[in-house]
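The numbering of the sequence shown is my numbering, which starts it at 118 and goes up by one. Step one of this worksheet: look at the structure below.
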Amino acid sequence: MIVVDANVVASLVMPGESADLAEALHRFDPEWVAPALIVSELLSVVLKGVRTRKWRLVDAERSLALALELIDGRQVDPDPVRVLQLADESRCSSYDCEYVVAAELFECPLATFDAQLLKAFPQRAVHPERLLAR
């Protein structure tokens, strides 16, 4: 089991430079979990791609549906008090800390491309390349 952030999921279902890495990670461990806020974050990623004309709306809708199917039933609500504590300690956003708390809950790694998370939580946050090298 791996907790994944929105950028890892988006990389799997939308064309981009990290798609191959996300596909390899999904083959490595297809049991992906995320905090419930991932839905809003995926919507934001998709909308940004549409507005910048990186993707057509119809393609973005298809990719969003795939992403939601991928995490369907595997969303958790992290303890908000723990999220607040980690956000205060790390200076990361509360949104990012929800992923960290979800990973703590399942005692598993958090796969992320986010440099700030990787630096703030080196024991929990892991770049997908490093996970695949294990």
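Backbone N, C-alpha and C fix where the C-beta goes; we use that ideal spot for every residue, glycine too.
Item, Value
"A141 in three-state terms, based on DSSP", "helix"
"Close beta carbons around A204, own chain, < 7 Å, minus the five adjacent residues each side", "S210, S211, C214"
"Segment limits, beta strand (DSSP E) that includes A151", "149-152"
"For A242, the three-state DSSP class (helix, strand or coil)", "strand"
"DSSP three-state assignment for A237, whether helix, strand or coil", "helix"
"9 Å Cβ cutoff, V126 in contact with chain C", "The structure shown contains no chain C, having only a single protein chain."
"Check whether P192 and A151 have beta carbons under 9 Å apart", "It should be noted that the sequence gives Gln, not Pro, for residue 192. Yes, they are a contact pair."
"Reduced DSSP secondary structure (H/G/I, E/B, other) of V219", "The question names Val, yet the displayed sequence has Ala at residue 219. Residue state, collapsed to three classes: helix."
"C-beta contact flag for S180 and V200 at 9 Å", "no"
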